[in-house]
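K.L.:
Protein chains in written order, with the working numbering: chain R, 2 to 768; chain Y, 22 to 350.
#1: Are residue 134 of chain Y and residue 127 of chain Y closer than 7 Å when you measure CB to CB?
#2: Residues of the stretch 509 to 537 of chain R in Cβ contact with chain Y at a cutoff of 8 Å, in chain order, please.
#3: Here's the rule: buried if 16 or more other CB atoms are within 10 angstroms of the residue's CB, otherwise exposed. What is residue 618 of chain R?
#4: Between which two residues does the beta strand (DSSP E) harbouring residue 110 of chain Y extend?
#5: Note down, in chain order, every chain Y residue with its Cβ under 7 Å from the Cβ of residue 705 of chain R.
#6: Exposed or buried, which one is residue 255 of chain R when buried takes at least 16 other CB atoms within 10 Å?
#7: Rounded to whole angstroms, what is the Cα-Cα separation between residue 542 of chain R and residue 535 of chain R?
#8: DSSP three-state call for residue 53 of chain Y: helix, strand or coil?
#9: Please confirm whether residue 165 of chain R and residue 29 of chain R have their CB atoms less than 7 Å apart.
#10: Tell me which same chain residues have a C-beta within less than 7 Å of the C-beta of residue 251 of chain Y, skipping the five on either side of it?
#11: Assuming contact is defined by CB atoms lying nearer than 7 Å, are residue 321 of chain R and residue 382 of chain R in contact in what I supplied?
#12: So with Cβ pairs under 7 Å, would you call residue 732 of chain R a contact of chain Y?
#13: Enumerate in chain order the residues of its own chain whose CB-to-CB distance from residue 187 of chain R is below 6 Å, with the five nearest sequence positions on each side excluded.
#14: So with Cβ pairs under 7 Å, would you call residue 708 of chain R a contact of chain Y?
#15: Closest by CA to residue 51 of chain Y, which one among Y/265, Y/121 and Y/248?
#16: Using DSSP's beta-bridge definition, name the partner residues of residue 270 of chain R.
#17: Within 10 angstroms of the Cβ of residue 66 of chain Y, are there 16 or more other Cβ atoms? Answer buried if so, exposed if not.
#18: Let me check understanding here. Comparing Cα to Cα, which of R/133, R/408 and R/153 lies closest to residue 194 of chain R?
#19: Nearest chain Y C-beta to residue 183 of chain R closer than 7 Å, yes or no?
#20: If you run the structure through DSSP and keep just helix, strand and coil, what is residue 355 of chain R?
#21: I'd like to know if residue 738 of chain R contacts chain Y, where contact means its C-beta is closer than 7 Å to some C-beta of that chain.
#22: Kindly confirm or deny that the stretch 245 to 255 of chain R and the stretch 513 to 520 of chain R touch, where touching means at least three C-beta pairs closer than 8 Å.
#23: Rank R/147, R/71, R/326 and R/440 by C-alpha distance to the C-alpha of residue 527 of chain R and give the top, closest one.
#24: Count the other C-beta atoms from every protein chain shown that fall within 10 angstroms of the C-beta of residue 84 of chain Y, then say buried if there are 16 or more, exposed otherwise.
#25: Cβ of residue 206 of chain Y within 7 Å of Cβ of residue 164 of chain Y?
#26: Since residue 61 of chain Y is in the beta strand (DSSP E), which residue starts that stretch and which ends it?
#27: Go through its chain and collect everything with a Cβ distance to residue 364 of chain R's Cβ below 7 Å, but skip five positions before and after it.
#28: Give me the subset of the stretch 356 to 387 of chain R whose CB atoms are less than 8 Å from a CB atom of chain Y, sorted by chain position.
#29: Please list the partners that residue 71 of chain R has in chain Y, where partner means a Cβ-to-Cβ separation under 9 Å.
#30: Let me check understanding here. Comparing Cα to Cα, which of R/39, R/380, R/132 and R/485 lies closest to residue 171 of chain R?
#31: Would residue 131 of chain Y be called buried (16 or more neighbouring beta carbons within 10 Å of its own) or exposed?
#32: According to DSSP, simplified to helix, strand and coil, what is residue 748 of chain R?
#33: By the 10 Å Cβ neighbour count, where 16 or more other Cβ atoms means buried, how is residue 686 of chain R classified, buried or exposed?
#34: My understanding is that residue 199 of chain Y touches residue 104 of chain Y, with C-beta atoms under 8 Å, so please give their C-beta distance in whole angstroms.
#35: For residue 241 of chain Y, is the classification buried or exposed, using 16 other Cβ atoms within 10 angstroms of its Cβ as the cut-off for buried?
Structure follows, in structure tokens:
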């Protein structure tokens, strides 16, 4: 870039040499800024899962090490050290996740695909061992960039840090602001580094200025981020979302917001003999202002739903979707799902199903759920011998949890004389029900919402109650998790319930050894009235979609003649004893197997004050949003294709900056190495094409055939003819099972071409 | 399960040895030629003509259901004339007897023996006109022939010619004077089609063609029996891979879950066969989901019985819903 300026600056006589040293410092500062940018992103992770101090130590240690070694070792050695540090780190990570290095080698393709997934927008926080991963990730870029900078190789020094930042941008963890700062830092390092090399002629400052301008412009205008993390919603407090939109839109993350509205629109209806709460999401990791689901997920066909251990009764529930949505309501604890939706169903590590595309109106499916029998005595004596997967997932608290929070929790429990996990849960539940009020009109507190809610607030809605209770239990060493979904809804017939947006709810599940997950309800009962009023108001105003055929004319509080459920409530019992509705499961340690929100399902609350979902009264008056209907695809995370293109582009970038051309050849060789049978290859190629098309136009609808999809796109857009060719090859492979090596290669090559050409920024590099 | 194929399996296998399938492109041309030829008589309705042709290639039978006078009979006759084959027509009336269809044993005075006098069903193409005017007993005589590709008279079973295709028409009006086809018997028709009224342009064209000599009088055969038999063999060899089979069965399952009675397994078999023929018309040796989507409204709708209270009012609606909701693999 500035090489051509060298001669010119000498001839221009206003050049005033300032000397190199200040520029060297400025260049190093730029690098510090770049490093700080990605370390700041990683710190966000460690603040949630712990390890911030270790992170700082590693960064400082690597920086010092690089400084000391800069003159002592050769670049090749430094590269080896850097990579060695990475390998060591990731080995630790693999050990921690229970896989070991052997797995990584034997399942290299899985390892690569995980990385691609991550690079296409999965947040770091969704990883199982996000903390260890972070600590493994950071040493190499810090060491290498600092080492190179100390050797005055400024351009090269920016590359490791830049790649680290780019990766974090792709995962969606780095925000635009941080990215911008990092990029500016990197550019400063390069720019001032150049000035340093040329002894700092001021005349070259214009080059720098232009570069800054270009970079700032690019950073602001090019959005390379495939699926950024949900942005904090408290910026838009003036226009509150609806409760169900806030808590039920994204199975990966749910953000705690301020004031919300209640939407009276019907979401789904359920035919069941065992009414309960309908669960749509299970979250385990708390960041202070959001809940994140960590861990992998798999297709329902492959992994299914683990049944609880021990004996249990099963109940069947038939759900009919009335409004397009991104999550799938099930009864906890689900053991099987049958129906239209199972083709595109995934199951999280927590045993909660989630759809791969939006569910649409008219979708119908059956859920089989397990109910076990719990009673307070056995729960109280369940002990605390938690299996390891449980403690690993469900005891996390963010570093922002204050001591005051822990002290206050301990005080409350002391006052209630609670000394086993069951009593603790019951005491916290009772505390909130008696000391707090219900309101939807909340100002989102700054910082850790659980801290603020326990220490400074005295009213809120379900999200706050459930979040805070979960964190209090975790602070006491009781495994708990945050669960979202809907209350039972309005009973419109003997066995039929209509569930609206205003029934959206969040509650808590607590783990008991040999029983599994038991639901608790910290939200005060006055919720029912608020939500019911909203339904009556919506009906009075004639708002649309408030009723189905079945619910029209049924009073807002449901059919009245169903007192059983209420009578069954035993105070403090998480699950009603008589109904059999309740369940407790005895399951063993695996997270999936364990969850049974019994209390909820059965309608009774463990505490008398609980909302009684089953009682047939619809707690709903609620709010909810229309947003639930917007078909945003649950994996906001973008697509494999961009990830591949970017990885290829990264290799290309490395090539440009002097790393031997070997690298890019390696990448291609690498991928060829993973070629499988032609049929599989062609399918994969078509999948990439579909992602590409979905990105450019729209995703394929479920009832659309590949050919119909393409034809419909071609009718309205000028679609590249290569897409049709790939589709035909795919049809041949998938529907005729006959394709040869040559055909598969053609499909792969065409898609790769298309992909590269469409890739933002990176595509141009390649060309 | 019962085979909807009019030809018994044994015959099919023995035929496979002797019948050489035509190339796919030849069959596609053949179908196009027949369709075009029939189109000289029937104005518009190209899709319906094509559906009849695919049904013949897919070894099925077809039911035309519409008001009188829209060309149902003419369509069947044109098809028969386009193929050089034996054609018989049976006008169903309330007093028609089963033996009027299958044939009777007649006592021959000279030989002093009973001789079988074949009924109209012994033809390659049988037009059962206004089939719903005859009582069920008579209808079932034809339907048994359709199912078994044979008739039994006085204890003697006689095979029907191959190919054997029934095109039946039924009147959608005058419900008081007709016997509705039993649900189980409607199931034996691979497809049910309605022609509908022509639009103004088409009707004007129709009038222009028919005002002098009716064009059917001058319609020449464009293919022969042997080609049809070989083309059927071609269709039978079209590949239907697992994803497509699953798709068909999921569509059927969807209808079963939503309707009082959904598409039967026989219906699913018929669907796949129709899709095979559709693939051949498109020049393909394998079935893709689009073929299924194209055929399913004609193959499934009449096999679905809805309850009156349901929100899905008829078979068509349920099939449409199924197409929207079932994932294309």
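Built from N, CA and C at the ideal position, the CB exists for glycine as well.
What you are looking at is a predicted structure, and each value in this text was computed from that prediction instead of being measured.
P.N.:
Once the coordinates are examined:
#1: Indexing the second chain from 1 puts residue 134 of chain Y at position 113. Indexing the second chain from 1 puts residue 127 of chain Y at position 106. No, the pair does not count as a contact, with Cβ atoms beyond the cut-off.
#2: none
#3: Here residue 618 of chain R corresponds to residue number 617 of the first chain, with the count starting at 1. Reliability fails at residue 618 of chain R, whose pLDDT of 32 lies under 50, so the model's placement of it is uncertain and the value that follows must be treated cautiously. Residue 618 of chain R should be labelled buried.
#4: Mapped onto the second chain, residue 110 of chain Y falls at position 89. That run of the beta strand (DSSP E) goes 108 to 112.
#5: For the purposes of this step, residue 705 of chain R is identified with residue 704 of the first chain, where counting begins at 1. Residues of chain Y passing the Cβ test: 349.
#6: If you number the first chain from 1, residue 255 of chain R lands on position 254. With 16 or more Cβ atoms within 10 Å of its Cβ, residue 255 of chain R is classed as buried.
#7: Taking the first chain and counting its residues from 1, the one referred to as residue 542 of chain R is at position 541. Taking the first chain and counting its residues from 1, the one referred to as residue 535 of chain R is at position 534. Using only the alpha carbons, I get a separation of about 10 Å.
#8: Translated into positions along the second chain, residue 53 of chain Y becomes position 32. Look at residue 53 of chain Y here: in three-state DSSP terms it is helix.
#9: Locating residue 165 of chain R in the first chain gives position 164, where the first residue counts as 1. Locating residue 29 of chain R in the first chain gives position 28, where the first residue counts as 1. With respect to residue 29 of chain R, residue 165 of chain R sits apart: the two C-beta atoms are not nearer than 7 Å.
#10: The count along the second chain starts at 1 and reaches residue 251 of chain Y at position 230. If we look at residue 251 of chain Y and ignore the five residues flanking it on each side, its Cβ neighbours are 40, 41, 42 and 43.
#11: Position 320 of the first chain, counted from the start, is the residue given in the question as residue 321 of chain R. Position 381 of the first chain, counted from the start, is the residue given in the question as residue 382 of chain R. No.
#12: Locating residue 732 of chain R in the first chain gives position 731, where the first residue counts as 1. Chain Y contact via Cβ: present.
#13: One-based indexing of the first chain puts residue 187 of chain R at position 186. So the list reads 35, 159 and 163, once near-sequence residues are dropped.
#14: In the first chain, residue 708 of chain R corresponds to position 707, counting from 1. It does; some Cβ of chain Y falls within 7 Å.
#15: By 1-based counting over the second chain, the position of residue 51 of chain Y is 30. Closest option to residue 51 of chain Y, Cα to Cα, is Y/248.
#16: Taking the first chain and counting its residues from 1, one reaches residue 270 of chain R at position 269. Per the DSSP secondary-structure output, residue 270 of chain R pairs in a beta bridge with R/321 and R/499.
#17: Your numbering for residue 66 of chain Y matches position 45 in the second chain. So residue 66 of chain Y counts as buried.
#18: For the purposes of this step, residue 194 of chain R is taken as residue 193 along the first chain, with counting starting at 1. With distances taken between Cα atoms, residue 194 of chain R lies closest to R/153.
#19: What you label residue 183 of chain R is simply residue 182 of the first chain in a count that begins at 1. So no, residue 183 of chain R is outside the interface.
#20: Mapped onto the first chain, residue 355 of chain R falls at position 354. Three-state DSSP puts residue 355 of chain R in a strand.
#21: Here the question's residue 738 of chain R lines up with position 737 in the first chain. Taking 7 Å as the threshold, the shortest C-beta distance from residue 738 of chain R to chain Y falls below it.
#22: With the cut-off at 8 Å, the stretch 245 to 255 of chain R and the stretch 513 to 520 of chain R do not touch.
#23: The residue labelled residue 527 of chain R in the question sits at position 526 within the first chain. For residue 527 of chain R, the nearest C-alpha among the options comes from R/440.
#24: For this step, residue 84 of chain Y is matched to residue 63 along the second chain. Buried, since its Cβ has 16 or more Cβ neighbours within 10 Å.
#25: As a working mapping, residue 206 of chain Y is identified with position 185 in the second chain. As a working mapping, residue 164 of chain Y is identified with position 143 in the second chain. Yes, the Cβ-Cβ distance between residue 206 of chain Y and residue 164 of chain Y is below 7 Å.
#26: Against the second chain, residue 61 of chain Y aligns to sequence position 40. Run containing residue 61 of chain Y: none; DSSP gives neither H nor E here.
#27: Residue 364 of chain R sits at position 363 when you count from the first residue of the first chain. In its chain, beyond the 5 residues on either side, 322, 341 and 342 have a beta carbon closer than 7 Å to the beta carbon of residue 364 of chain R.
#28: 361, 363, 364 and 365
#29: What you label residue 71 of chain R is simply residue 70 of the first chain in a count that begins at 1. Per Cβ cutoff of 9 Å: no residues; residue 71 of chain R is ~58 Å from chain Y at best.
#30: Taking the first chain and counting its residues from 1, one reaches residue 171 of chain R at position 170. For the residues R/39, R/380, R/132 and R/485, the minimum Cα distance to residue 171 of chain R belongs to R/39.
#31: Residue numbering aside, residue 131 of chain Y sits at position 110 when the second chain is read from its first letter. Of the other Cβ atoms in all chains shown, fewer than 16 fall within 10 Å of the Cβ of residue 131 of chain Y; this residue is therefore exposed.
#32: In the first chain, counting from the first residue as 1, residue 748 of chain R sits at position 747. Note: residue 748 of chain R maps to helix in three-state DSSP.
#33: On the first chain, position 685 is the one that residue 686 of chain R refers to. Residue 686 of chain R is buried by the Cβ-count criterion.
#34: Here residue 199 of chain Y refers to the residue found at position 178 of the second chain. Here residue 104 of chain Y refers to the residue found at position 83 of the second chain. 30 Å between Cβ atoms; not a contact.
#35: Here the question's residue 241 of chain Y lines up with position 220 in the second chain. Exposed, since its Cβ has fewer than 16 Cβ neighbours within 10 Å.
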